[in-house]
Amino acid sequence: MIENTKHSTLILCIILTHCTGIHKAFAQTSILDQAKQATEDMQYSEALKLLDSSLAIHPTWEEHYFYRSVVLQKLRRYEESLGDINTFLAIHPKNAEAVHNKATILSDLRQFQESLIFHQQAIQLKPNEAQYYATAGIAAFDLNQFDLAEMYLKESIAMDQSVAITHSYLGLMCILQQRLTEARRPL
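What the sequence shown shows, in our numbering, is residues 40 to 226, in sequence order.
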């Protein structure tokens, strides 16, 4: 009888541990989904509150740092955004989207040289992403590295003609370099 009780207790502990893990995963997903929806609805303050409260209770939920970084960037709180993306990248250094987000935050902070380095890293991690080439081109443009900017912008257009900002920057660059015939030419 005592052996059955020990066995039953062990099974109950296993079930409770398993259910707690499921509950934790569900809670993490639920809060994250709510924060994503608030971000999509441009309710950035609400999304930030959700993510802050979640991380206060569970500071190891690294995915929440990634999304809080995005929300902080939308709120133009770039230094805090950079801190959160760095926290996420310390755990997931090869996440192309996070590397790209860090590059755009650095651009927002007007740290163009460092931004370009991270844009190039994002391209290495995900070489078929037109948006990464577009933003790398913009970073090179901001550094007046027009040959490099043109290369990235044209590569972006070759991958995806619908990245409108790429066309804008390429045209502006041609105008600044007084290449007016090229600036007028459709791509």
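Where a beta carbon is used, it is the ideal one built from N, C-alpha and C, also for glycine. Since this is a predicted model, take the numbers as computed values, not measurements.
Following the DSSP letters along the chain, one finds M198 inside the alpha helix (DSSP H) bounded by residues 185-198. By the CB criterion at 9 Å, E168 and F127 fall outside the cutoff. Here the alpha carbon of Q163 sits roughly 10 Å from the alpha carbon of Y171. The three-state secondary structure of M212, taken from DSSP, is helix. Judged by DSSP in its simplified three-state form, E168 adopts coil rather than helix or strand. Judged by DSSP secondary structure, V110 falls within the alpha helix (DSSP H) whose first and last residues are 101-113. For Q217 and L211, the gap between their C-alpha atoms comes out near 10 Å. When C-alpha distances from A161 are compared across V138, L155, D186, the shortest belongs to V138. E221 and P166 have their C-alpha atoms spaced approximately 27 Å apart.
No Cβ-Cβ contact shorter than 9 Å links Y191 with A203. For D80, the three-state secondary structure derived from DSSP is coil.
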